[in-house]
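Note sheet for the following structure.
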Amino acid sequence: MDIEAEKIHRLEMGEIPFYEPGLSELVQEGMAAGRLSFTTDVSRSTTAEIVFLAVGTPSAEDGSADLTFLESASRSLVPHLSPSAVVVTKSTVPVGTGEKVAAWCEIDDARVFSNPEFLREGSAVSDFLYPDRIVIGIPASSFARREGGFEDGAVDTLVKVYIGIDAPRILISRPSAELAKYAANTMLAMRLSLMNEFATIADAAGADILDIERVLASDPRIGSKFLRAGAGFGGSCFPKDVLSLATTARHIGYDPKLIAPIIQVNHEQAERFVKKIEERLVGISGKRFAVWGLAFNRNTDDIRESPAVRIMHLLLDRGAVITVYDPSAMKHARAEFGEGVMYADSVEGTLTDAEVLLVLTEWPEFCEVNWKDVLARLKIPLVFDGKNFLPHEAIVTAGGEVMGMGVWKKPSARS
Ligand code: UDX
982 MDIEAEKIHR
992 LEMGEIPFYE
1002 PGLSELVQEG
1012 MAAGRLSFTT
1022 DVSRSTTAEI
1032 VFLAVGTPSA
1042 EDGSADLTFL
1052 ESASRSLVPH
1062 LSPSAVVVTK
1072 STVPVGTGEK
1082 VAAWCEIDDA
1092 RVFSNPEFLR
1102 EGSAVSDFLY
1112 PDRIVIGIPA
1122 SSFARREGGF
1132 EDGAVDTLVK
1142 VYIGIDAPRI
1152 LISRPSAELA
1162 KYAANTMLAM
1172 RLSLMNEFAT
1182 IADAAGADIL
1192 DIERVLASDP
1202 RIGSKFLRAG
1212 AGFGGSCFPK
1222 DVLSLATTAR
1232 HIGYDPKLIA
1242 PIIQVNHEQA
1252 ERFVKKIEER
1262 LVGISGKRFA
1272 VWGLAFNRNT
1282 DDIRESPAVR
1292 IMHLLLDRGA
1302 VITVYDPSAM
1312 KHARAEFGEG
1322 VMYADSVEGT
1332 LTDAEVLLVL
1342 TEWPEFCEVN
1352 WKDVLARLKI
1362 PLVFDGKNFL
1372 PHEAIVTAGG
1382 EVMGMGVWKK
1392 PSARS
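Mapping the sequence shown onto our numbering, position 323 (from 1) lands on 1304, and the numbers just tick up by one.
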């Protein structure tokens, strides 16, 4: 159910409003089997055993999560919930929101659960079907019953939803589940900002951040994922969730020391990337850039908080001339930059008259090009890798130079 009639209409026609690999097939399969339908009519909730609340919780002006949509969705359910229905918050919400949801829905607190999702845009379907864990946050009264060995129908209703999905179930208190979602995103964002700080130090010291990553990744205490430095992270979750957690902390009287700078470091990372380009090219004004990638992540058309957008604006402010291509975000690119840049419909199309190449999203297909051909079409055989993910050795072997964040590879004098 959604209040946007247009969105529901398009879904009924089998159109997914955004690009997410595998989602269209899954939706069509569900519709064909009669297990999935769409509506704007909230009264259809009357027959539901479970209602998932999955509305957006964007940043309010003070950095806290704006719960307006959650409140109105909850309130709209009031006359329509069956007496035994369970309400589950999927939206990322500040710790303590479950109590508010119960009050807004006018139901007993024991029927409101938290069930945060850990899906990444671009791999959301497989993250859902093969999750690392399923977290279920249980209201205090049910928690006490369970601890006492009593059965609880409401808990079991929710647990049953995930039958068939092979992953550990983590049943914890509702506030813990609410906070755990923020803790997970903040931990990951922190890792990235820390790696980005290491990259800046590596640049200044002549070290290579990819070597440092290998050393860190081989330590099981650290783990190998989410260590890739670059020109900053983006998306609709990390920046807003980190900000929201810092604001929650302040509301409860604790001034967080580590959390707030995560966003500051990330913000400055795009500026550092542009400064690097400016220094290497001795100025940006009038220079022509080929840009590959605008989405904040591979396999998505989402450009919200994308470092690529910020970098392009910084370059345009300095007088750059840009031709951009992204495999799926071109519609959003046009809406963002209008006449301000030129658009290509392939990677090759960006190269006409380009001086250098900037790669700003880690789309796998950007690695698979013929580097000799690409470099031959650039005025300077120079690639700025904003995600540190390109095959640097292949580019160097083809006679090119690569600058990433914390990494700089040049052909040797002989090649
Ligand atoms: C994130 C969380 O991963 C997910 O669990 C949560 O549910 C929502 O927020 P998402 O923002 O969709 O997911 O994508 P993610 O793959 O986490 O990427 C976020 C940003 O970090 C992207 O800009 C990505 O390019 C960047 N990133 C990721 C890096 O810069 N380096 C890495 O090593 C990994």
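Every residue gets a Cβ at the ideal spot worked out from N, C-alpha and C, and that includes glycine.
All values reported here derive from a predicted model rather than from experimental measurement.
Practice task
Using three-state DSSP, classify residue 1036 as helix, strand or coil.
Solution key: Mapped onto the sequence shown, residue 1036 falls at position 55. It is coil, neither helix nor strand.
Practice task
Report the rounded CA-to-CA distance for residue 1074 versus residue 1296, giving the unit in angstroms.
Solution key: Numbered from 1 along the sequence shown, position 93 holds the residue referred to as residue 1074. Numbered from 1 along the sequence shown, position 315 holds the residue referred to as residue 1296. Rounded to the nearest angstrom, the two C-alpha atoms are 36 Å apart.
Exercise for the section: Within its chain, find whatever has a CB closer than 7 Å to the CB of residue 948; leave out the 5 residues flanking it on each side and keep chain order. Expected result: Residue coverage of the chain in this structure runs from 982 to 1396, which leaves residue 948 outside it and unanswerable.
Practice task
Give me the Cα-Cα distance between residue 1108 and residue 1226, rounded to the nearest whole angstrom.
Solution key: What you label residue 1108 is simply residue 127 of the sequence shown in a count that begins at 1. What you label residue 1226 is simply residue 245 of the sequence shown in a count that begins at 1. Each residue's alpha carbon lies about 24 Å from the other.
Problem - residue 1218 Cβ short of 7 Å to ligand 1 heavy atom set - result: Translated into the one-based positions of the sequence shown, residue 1218 becomes position 237. At least one heavy atom of ligand 1 is nearer than 7 Å to the Cβ of residue 1218, so yes.
Practice task
Note the first and the last residue of the continuous beta strand (DSSP E) segment covering residue 1000.
Solution key: Position 19 of the sequence shown, counting from 1, holds the residue named residue 1000. Segment: none, residue 1000 is in no beta strand (DSSP E) and carries neither H nor E.
Practice task
Determine the extent of the alpha helix (DSSP H) in which residue 1134 is found, giving its start and end residues.
Solution key: Counted from its first residue, the sequence shown places residue 1134 at position 153. Start and end: 1134-1142.
Handout entry: Start-to-end residues for the alpha helix (DSSP H) that takes in residue 1306
Key = Along the sequence shown, read from residue 1 onward, the residue named residue 1306 stands at position 325. In this chain, residue 1306 is not harboured by any alpha helix (DSSP H); it is covered by the beta strand (DSSP E) spanning 1302-1306.
Exercise for the section: Spatial neighbours of residue 1036 within its chain, please: CB distance less than 8 Å, with the 5 preceding and 5 following residues excluded, ordered by chain position. Expected result: The sequence position of residue 1036 within the sequence shown is 55, counting from 1. Around residue 1036: 1050, 1051, 1054 and 1072.
Practice task
Return yes when at least one heavy atom of ligand 1 lies under 7 Å from the C-beta of residue 1343, else no.
Solution key: Residue 1343 sits at position 362 when you count from the first residue of the sequence shown. Relative to ligand 1, the beta carbon of residue 1343 is positioned inside 7 Å of a heavy atom.
Problem - 8 Å CB neighbourhood of residue 1396 in its chain, flanking five on each side removed - result: Residue mapping note: residue 1396 aligns to position 415 of the sequence shown, counting from 1. Legend: pLDDT at residue 1396 = 47, less than 50; position of this residue unreliable, value from coordinates given subsequently. If we look at residue 1396 and ignore the five residues flanking it on each side, its Cβ neighbours are 1377, 1378 and 1380.
Practice task
Using the Cα positions of residue 1254 and residue 1303, report the straight-line distance between them to the nearest angstrom.
Solution key: For the purposes of this step, residue 1254 is taken as residue 273 along the sequence shown, with counting starting at 1. For the purposes of this step, residue 1303 is taken as residue 322 along the sequence shown, with counting starting at 1. Going from the Cα of residue 1254 to the Cα of residue 1303 covers about 16 Å.
Exercise for the section: Flag this pair as touching only if the region 1172-1179 and the region 1208-1227 have three or more C-beta atom pairs under 8 Å; answer yes or no. Expected result: At 8 Å Cβ cutoff, the stretches touch.
Problem - Near ligand 1: residue 1118 beta-carbon under 7 Å from a heavy atom - result: Locating residue 1118 in the sequence shown gives position 137, where the first residue counts as 1. Residue 1118 Cβ: outside cutoff for every heavy atom of ligand 1.
Exercise for the section: Give me the Cα-Cα distance between residue 1314 and residue 1167, rounded to the nearest whole angstrom. Expected result: What you label residue 1314 is simply residue 333 of the sequence shown in a count that begins at 1. What you label residue 1167 is simply residue 186 of the sequence shown in a count that begins at 1. Annotation: residue 1314 to residue 1167 spans about 28 Å, alpha carbon to alpha carbon.
Handout entry: the region 1198-1205 in contact with the region 1214-1223 per 3-pair CB rule at 8 Å
Key = Counting Cβ pairs under 8 Å, fewer than three are found: no touch.
Exercise for the section: Have a look at residue 1337 and residue 1294 and give me their C-alpha separation to the nearest angstrom. Expected result: In the sequence shown, residue 1337 corresponds to position 356, counting from 1. In the sequence shown, residue 1294 corresponds to position 313, counting from 1. About 17 Å.
Practice task
Please confirm whether any heavy atom of ligand 1 lies closer than 7 Å to the CB of residue 1209.
Solution key: Your numbering for residue 1209 matches position 228 in the sequence shown. At least one heavy atom of ligand 1 falls within 7 Å of the beta-carbon of residue 1209.
Handout entry: Presumed contact (8 Å Cβ cut-off) between residue 1103 and residue 1280, rounded CB distance
Key = Taking the sequence shown and counting its residues from 1, the one referred to as residue 1103 is at position 122. Taking the sequence shown and counting its residues from 1, the one referred to as residue 1280 is at position 299. With a contact defined as Cβ atoms closer than 8 Å, residue 1103 and residue 1280 qualify at about 3 Å.
Exercise for the section: Go through its chain and collect everything with a Cβ distance to residue 1184's Cβ below 6 Å, but skip five positions before and after it. Expected result: Indexing the sequence shown from 1 puts residue 1184 at position 203. Hits under 6 Å: 1387.
Handout entry: Rounded straight-line distance, which links the Cα of residue 1129 to that of residue 1312
Key = Along the sequence shown, read from residue 1 onward, the residue named residue 1312 stands at position 331. Along the sequence shown, read from residue 1 onward, the residue named residue 1129 stands at position 148. About 55 Å.
Handout entry: Whole-Å CB distance - residue 1119 paired with residue 1136, under 8 Å assumed
Key = Within the sequence shown, the letter at position 138 stands for residue 1119. Within the sequence shown, the letter at position 155 stands for residue 1136. About 6 Å separates the two Cβ atoms, so the contact holds.
Exercise for the section: Can you grab the Cα-Cα spacing for the pair residue 1213 / residue 1288, in whole Å? Expected result: For the purposes of this step, residue 1213 is identified with residue 232 of the sequence shown, where counting begins at 1. For the purposes of this step, residue 1288 is identified with residue 307 of the sequence shown, where counting begins at 1. Roughly 6 Å between the two C-alpha positions.
Problem - For residue 1283, the three-state DSSP class (helix, strand or coil) - result: Here residue 1283 refers to the residue found at position 302 when the sequence shown is read from its first residue. Under the three-state reduction of DSSP output, residue 1283 falls in the coil class, being neither helix nor strand.
Practice task
Flag residue 1337 as yes if its beta-carbon sits less than 8 Å from any beta-carbon of chain D, otherwise no.
Solution key: This model lacks chain D altogether, as it is built from one protein chain only.
Exercise for the section: Within its chain, find whatever has a CB closer than 6 Å to the CB of residue 1322; leave out the 5 residues flanking it on each side and keep chain order. Expected result: Counting from 1 along the sequence shown, the entry for residue 1322 is found at position 341. Sequence-distant Cβ neighbours of residue 1322 in its own chain, meaning closer than 6 Å and more than five residues away, are 1303 and 1305.
Practice task
With a threshold of 7 Å, establish whether the CB of residue 1173 neighbours any heavy atom of ligand 1.
Solution key: Taking the first residue of the sequence shown as position 1, residue 1173 is located at position 192. Result yes, Cβ under 7 Å from ligand 1.
Problem - residue 1062 and residue 1026 closer than 8 Å at C-beta - result: Start at 1 with the first residue of the sequence shown, and residue 1062 comes out as number 81. Start at 1 with the first residue of the sequence shown, and residue 1026 comes out as number 45. Their beta carbons are under 8 Å apart, which means residue 1062 touches residue 1026 by this criterion.
Handout entry: Sub-8 Å separation of residue 1274 and residue 1307 beta-carbons
Key = As a first step, residue 1274 is located in the sequence shown; it is residue number 293 there, counting from the start. As a first step, residue 1307 is located in the sequence shown; it is residue number 326 there, counting from the start. In contact: residue 1274 and residue 1307 (Cβ atoms closer than 8 Å).
Problem - Proximal residues to residue 1241 (C-beta, below 6 Å), its chain only, five neighbours per side dropped - result: Residue mapping note: residue 1241 aligns to position 260 of the sequence shown, counting from 1. Hits under 6 Å: 1227.
Handout entry: Neighbourhood of residue 1392 by C-beta distance below 6 Å, restricted to the same chain and skipping five residues each side
Key = In the sequence shown, the residue the question calls residue 1392 occupies position 411. For residue 1392, the CB contacts under 6 Å within the same chain, skipping 5 residues up- and downstream, are 1377 and 1380 in chain order.
Practice task
Determine the direct distance from the alpha carbon of residue 1081 to that of residue 999, and round the result to whole angstroms.
Solution key: If you number the sequence shown from 1, residue 999 lands on position 18. If you number the sequence shown from 1, residue 1081 lands on position 100. Approximately 31 Å, taken between the alpha carbons.
Exercise for the section: Given a cut-off of 8 Å, decide if residue 1282 and residue 1310 are closer than it, judged by their beta-carbon atoms. Expected result: The sequence position of residue 1310 within the sequence shown is 329, counting from 1. The sequence position of residue 1282 within the sequence shown is 301, counting from 1. Less than 8 Å divides the Cβ of residue 1310 from the Cβ of residue 1282.
Problem - Heavy atom of ligand 1 within 7 Å of residue 1215 beta-carbon - result: If you number the sequence shown from 1, residue 1215 lands on position 234. Residue 1215 Cβ: within cutoff of ligand 1.
Problem - Sequence-distant residues of the same chain with beta carbon closer than 7 Å to residue 1408, five excluded per side - result: Beyond the ends of the chain as shown, which are 982 and 1396, falls residue 1408; an answer cannot be given.
Problem - As assigned by DSSP and simplified to three states, the class of residue 1386 - result: If you number the sequence shown from 1, residue 1386 lands on position 405. Assignment of residue 1386 by DSSP, reduced to helix, strand and coil, places it in the coil class.
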